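Chains as they are written, first to last, in the UniProt record's numbering: chain S, 1 to 355; chain Z, 1 to 355.
To start, the structure under review is shown below, and the notes come after it.
Protein chains: 2
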Amino acid sequence: MTKISTNEIDIVKSEKSRINDVDFDNLVFGRTFTDHMFYCDYVDGEWQQPKIVPYQPITIEPSARVFHYGQAVFEGMKGYKDDNGDAWLFRPNDNFERINKSAARLAIPEFPKEYFFEGLTTLLNMDKAWIKKGKGNSLYIRPFVFATEPAISASPANNYRFMIICSPAKAYYTAKLRVLFAEKYSRSANGGVGFAKAAGNYAAQFYPTNLANKKGYQQIIWTDANTHEYLEEAGTMNIFFRVNDTLITAPTSDRILDGITRKSVIQVAEDHNLKVEVRPVSVKEIKEAAANGSLKEIFGAGTAAVISPIAAFEHGGDVFELPELDNSYALQIKDHILNIQHNLSEDKHGWRFKV
Amino acid sequence: MTKISTNEIDIVKSEKSRINDVDFDNLVFGRTFTDHMFYCDYVDGEWQQPKIVPYQPITIEPSARVFHYGQAVFEGMKGYKDDNGDAWLFRPNDNFERINKSAARLAIPEFPKEYFFEGLTTLLNMDKAWIKKGKGNSLYIRPFVFATEPAISASPANNYRFMIICSPAKAYYTAKLRVLFAEKYSRSANGGVGFAKAAGNYAAQFYPTNLANKKGYQQIIWTDANTHEYLEEAGTMNIFFRVNDTLITAPTSDRILDGITRKSVIQVAEDHNLKVEVRPVSVKEIKEAAANGSLKEIFGAGTAAVISPIAAFEHGGDVFELPELDNSYALQIKDHILNIQHNLSEDKHGWRFKV
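Structure, rendered in structure tokens:
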């Protein structure tokens, strides 16, 4: 495996930090970027010299394949700062492995592990001041890779750019969500790329989500494309249902993202001796459970939102409002995960990674 | 509707044409671009001043949504030159309508018709020398639009760029193709974006196509994601099967592109009094027809390739070689379409458009 050390990253520091221009109390998600960015180009069959430079626009041919064929994948991860000022990541090796799994499905060359971790930690140490202390504060980290080769034939590119950019973040969703169960539109096909963080998976959801927004729903819970009878995921989140005292979530598949927050929720629930079932979840059973009062909670799980409680859902014109609970599993599990992320509690599964 | 005239396009001419550096006899598809490009930015809810400038790299934020969420659609069209030196397009209004149909599905604002046609014809007249006379020569024209807004939240962008770039082309496929019928991987889902020329549809095909390439097949004929029993399209082409003297092709749907060459083939076949059936085509019937000798031809139809005859297919380990025919429908229809495109024959359906 390729080995690099920090002094092998070509570094150009920004002359002056922009951090004092930023209102950290009023951040809009994903619009403010830190002082530096990491990048590495794939040319002539090899990843070249990795670089860290001031955050800035890039120059790219209009014929670059990413604009035409969507050959691009990404990851979402977060950095946290504890009360001592140490910075932490959460299960970063899972993000590393997943970006390469996504890349392989889109015929993008895999990125070397040493480059990923050395690039990530060097960048985060340079921009450490942008990670603010306190639960609810984090640095959203976006590794991504895209096809740069200037040639518009419909085949995998020969050239790519891998980048990491970082954006300080507050909580992604502030209010409880209202969601629509999909009945017509679909997110992914059997044998498709739904399990990958492929760029095209996201744009495909925007139009149906706009329609849902107009009806007063912020997100769609996607169902299987074939029958629309089974609840799969929410596009930026996996989905959990609590029926009585059992948490239920769909198994991962080639249609459903293997979410890192999803599997952390399952583990934390088991650590709390909660009953968890990973199995197909039908629209029918969730509507029946909502009608008879056994459906206690629905929540989304994802890196950006961590845990997003859901207040209501609609399907087939039927609207179900979920109760307010004293003993919410969502809040209990969210608190547990946030405490691990912010180095406030024991980390018995070794999920924290010191930057 | 917004109206513009040529003198409202902001034009910067290249100082010196690159045309004399180009070997027109040895063009690789999609790698050489003409002297100029057209672009128009969508900002503040409006398409701004359209521009034509020398073909050059663009500058874009790494946080532009196209890199992360694949919010991008495109068209493929061709310009032809007749013996008098006049330049022609083929059914360009269909490309215009389709790019906006694709855009709508990806929550991208529609592009105004006048901007499209005025931009296209002005650009083509400026770069007319790049369209070479003779059947087999064409100028491949690539209109495309992508999300430029620098914000990595997973929602539709507020800013976009529409562009047209042009690339001189020889025939796209030179030899007859060998194809694999898909059994495991899929191109699109019911309720998805398969009908749109969405960027992400293409990257999703690269890995399965790489696997097919390794088995000696250049393309995959995609089947329905649910059962893999019905033949749909080839990703860059629609597909026609000739069984005895009947041409059969799948109906368009939300999974299958409404190809302009596809519908031209259907019309030309009818003009030649050939029997055409637009209906679901099963893998089973095509294998049986191949086995009993009634399958005469398979060919692809698309803008880049026009008509691509197929020499053989594999499904489930069974390989079928197709016969060489004296009276190939594929070649007959291809010649008919090329003659219309190059202004060599009557254009009774009004498909030619003078630039």
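Heads up, the beta-carbon is just placed ideally off N, CA and C, and yes, glycines get one too.
Bear in mind the structure is a predicted one, so any value in this text is a computation, not a measurement.
Extent of the continuous beta strand (DSSP E) run through residue i
{"i": "glutamine 219/S", "result": "219-221"}
{"i": "leucine 120/S", "result": "No beta strand (DSSP E) contains leucine 120/S, which is instead part of the alpha helix (DSSP H) from 113-126."}
{"i": "alanine 301/S", "result": "295-302"}
{"i": "residue 378/S", "result": "This structure leaves residue 378/S out entirely; chain S is present only between 1 and 355."}
{"i": "tyrosine 24/Z", "result": "The sequence shown places phenylalanine at residue 24/Z, rather than the tyrosine named in the question. No beta strand (DSSP E) holds phenylalanine 24/Z; DSSP gives it neither H nor E."}
{"i": "lysine 354/S", "result": "352-354"}
{"i": "residue 362/S", "result": "Limits of chain S in this structure are 1 at one end and 355 at the other, which puts residue 362/S out of reach."}
{"i": "aspartate 41/S", "result": "36-43"}
{"i": "arginine 161/Z", "result": "160-169"}
{"i": "proline 309/Z", "result": "306-315"}
{"i": "glycine 79/S", "result": "77-81"}
{"i": "phenylalanine 74/S", "result": "72-74"}
{"i": "valine 319/S", "result": "318-321"}
{"i": "isoleucine 60/S", "result": "58-60"}
Alpha-carbon to alpha-carbon, residue j and residue i
{"i": "isoleucine 220/S", "j": "asparagine 244/S", "result": "23 Å"}
{"i": "glutamine 71/Z", "j": "glycine 192/Z", "result": "14 Å"}
{"i": "lysine 296/Z", "j": "arginine 178/Z", "result": "15 Å"}
{"i": "residue 386/S", "j": "asparagine 95/S", "result": "Given a span of 1 to 355 for chain S in the structure shown, any question on residue 386/S remains unanswerable."}
{"i": "serine 264/S", "j": "phenylalanine 181/Z", "result": "39 Å"}
{"i": "phenylalanine 162/Z", "j": "leucine 322/S", "result": "44 Å"}
{"i": "phenylalanine 240/S", "j": "asparagine 327/S", "result": "16 Å"}
{"i": "alanine 212/Z", "j": "leucine 123/Z", "result": "38 Å"}
{"i": "tyrosine 160/Z", "j": "lysine 348/S", "result": "46 Å"}
{"i": "valine 73/Z", "j": "asparagine 26/Z", "result": "29 Å"}
{"i": "isoleucine 266/S", "j": "leucine 247/S", "result": "9 Å"}
{"i": "lysine 135/S", "j": "serine 155/Z", "result": "25 Å"}
{"i": "asparagine 343/Z", "j": "asparagine 84/Z", "result": "10 Å"}
{"i": "valine 283/Z", "j": "lysine 275/Z", "result": "20 Å"}
{"i": "aspartate 21/Z", "j": "alanine 301/S", "result": "55 Å"}
{"i": "leucine 194/S", "j": "glutamate 232/S", "result": "Correcting the residue type first, residue 194/S is glycine in the shown sequence and not leucine. Distance between the alpha carbons of glycine 194/S and glutamate 232/S: 11 Å."}
{"i": "tyrosine 230/Z", "j": "methionine 37/S", "result": "47 Å"}
{"i": "valine 145/Z", "j": "valine 355/Z", "result": "22 Å"}
{"i": "methionine 1/Z", "j": "glutamate 46/Z", "result": "With a pLDDT of 43 at methionine 1/Z, under the threshold of 50, the modelled position of this residue cannot be trusted; read the value that follows with caution. Using only the alpha carbons, I get a separation of about 13 Å."}
{"i": "methionine 237/S", "j": "tyrosine 202/S", "result": "12 Å"}
{"i": "histidine 315/Z", "j": "arginine 91/Z", "result": "35 Å"}
{"i": "lysine 215/S", "j": "tyrosine 207/S", "result": "13 Å"}
{"i": "arginine 352/Z", "j": "glutamate 118/Z", "result": "17 Å"}
{"i": "isoleucine 11/Z", "j": "serine 153/S", "result": "28 Å"}
{"i": "glutamine 332/S", "j": "proline 57/S", "result": "41 Å"}
{"i": "arginine 262/S", "j": "lysine 334/S", "result": "11 Å"}
{"i": "alanine 269/Z", "j": "histidine 336/Z", "result": "10 Å"}
{"i": "lysine 170/S", "j": "valine 43/Z", "result": "27 Å"}
{"i": "serine 14/S", "j": "isoleucine 52/S", "result": "10 Å"}
{"i": "glycine 259/S", "j": "alanine 250/S", "result": "11 Å"}
{"i": "lysine 101/S", "j": "alanine 196/S", "result": "7 Å"}
{"i": "alanine 304/Z", "j": "valine 28/Z", "result": "13 Å"}
{"i": "phenylalanine 50/S", "j": "isoleucine 9/S", "result": "This sequence places proline at residue 50/S; phenylalanine is not what is there. So the two alpha carbons sit approximately 5 Å from each other."}
{"i": "alanine 234/Z", "j": "tyrosine 217/Z", "result": "12 Å"}
Extent of the continuous alpha helix (DSSP H) to which residue i belongs
{"i": "aspartate 94/S", "result": "92-105"}
{"i": "valine 66/Z", "result": "65-69"}
{"i": "leucine 338/Z", "result": "329-341"}
Cβ-heavy atom distance, residue i to the ligand MG, below 7 Å
{"i": "alanine 304/Z", "result": "Annotation note on the ligand MG: not contained in the displayed structure, which lists no ligands."}
With 7 Å as the C-beta to C-beta threshold (strictly closer), list the residues of the segment 66-85 of chain S near chain Z in chain order. Val66, Phe67, His68, Tyr69, Gly70, Gln71, Ala72 and Phe74
Quick check for students: name the residue ranges of the beta strand (DSSP E) that lie wholly in the segment 223-292 of chain S, counting only runs of 3 or more. 238-243, 246-249 and 275-278
Is the segment 250-266 of chain S touching the segment 222-235 of chain S, taking contact as three or more C-beta pairs under 8 Å? yes
Chain S contacts from the segment 237-268 of chain Z (Cβ-Cβ distance under 7 Å): none
Which of the residues in the segment 42-60 of chain S, read from start to end, lie with their CB under 7 Å from any CB of chain Z? Pro57, Ile58, Thr59 and Ile60
Interface residues of the segment 95-118 of chain S facing chain Z [CB-CB below 9 Å]: Ala104, Arg105, Leu106, Ala107 and Ile108
Identify every run of the alpha helix (DSSP H) within the segment 181-216 of chain S, keeping only runs that are complete inside it and at least 4 residues long; order them along the chain. 199-214
Selection of the segment 173-204 of chain S by Cβ proximity to chain Z, strictly under 8 Å: Ala182, Lys184, Tyr185, Ser186, Arg187, Ser188, Ala189, Asn190, Gly191, Gly192, Val193, Ala198, Ala199, Gly200, Asn201, Tyr202, Ala203 and Ala204
Identify each residue in the segment 20-35 of chain S for which the Cβ-Cβ distance to at least one residue of chain Z is less than 7 Å, and report them in chain order. Phe29, Gly30, Arg31 and Phe33
Please name the residues in the segment 136-161 of chain Z whose beta-carbon is closer than 7 Å to at least one beta-carbon of chain S, in chain order. Arg142, Phe144, Phe146, Ala151, Ile152, Ser153, Ala154, Ser155 and Pro156
Residues in the segment 203-225 of chain S with C-beta within 7 Å of chain Z's C-beta atoms, listed in sequence order? Ala203, Ala204, Phe206, Tyr207, Asn210 and Ala225
Short of 9 Å Cβ to Cβ, which residues in the segment 285-313 of chain Z face chain S? Ala304
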